[in-house]
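Trainee:
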Amino acid sequence: MDEIKISVSGLQDSIAQLRKLKDDWEANDVSVPATIGGGRTVNEMELLAQLYKKLNFHMVSLAENTIAFLTNVKNSYEESDNKAAKKINQ
0 MDEIKISVSG LQDSIAQLRK LKDDWEANDV SVPATIGGGR TVNEMELLAQ LYKKLNFHMV
60 SLAENTIAFL TNVKNSYEES DNKAAKKINQ
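First residue of the sequence shown: 0, per numbering that gives the first Met the number 0; consecutive thereafter.
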């Protein structure tokens, strides 16, 4: 079995960067402007705005899930490391 090397400080830095990115995405006002009439070009622009709104929502969800995953990896690694240290010290 190969050794898995994890940099706890690297994980913490990545988590902090992802949190900032997620906060920036959440701060974006992603509302679809209301329009009346306007033809096909306006309809396509409305569709594009709706797609952008969905993309923003899913990117925030992806960031949240990635943050949760990386936090769990960090916590699990730290717990395993502490357990191993306790066994060695016994």
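All C-beta atoms in this analysis are idealised placements derived from N, C-alpha and C, irrespective of residue type, glycine included.
Could you give the first and the last residue of the continuous alpha helix (DSSP H) run that contains Ile87?
Mentor: Element bounds for Ile87: Gly38 to Asn88.
Trainee: If I follow the unbroken alpha helix (DSSP H) through Ala26, where does it start and stop?
Mentor: Val7 to Ala26
Trainee: Could you tell me the alpha carbon to alpha carbon distance between Glu78 and Asn88, rounded to whole angstroms?
Mentor: Answer to the nearest angstrom: the Cα atoms are 15 angstroms apart.
Trainee: Confirm, please, whether the CB-CB distance from Ile14 to Leu61 is below 8 angstroms.
Mentor: no
Trainee: Do you know how far the Cα of Lys86 is from the Cα of His57?
Mentor: 43 angstroms
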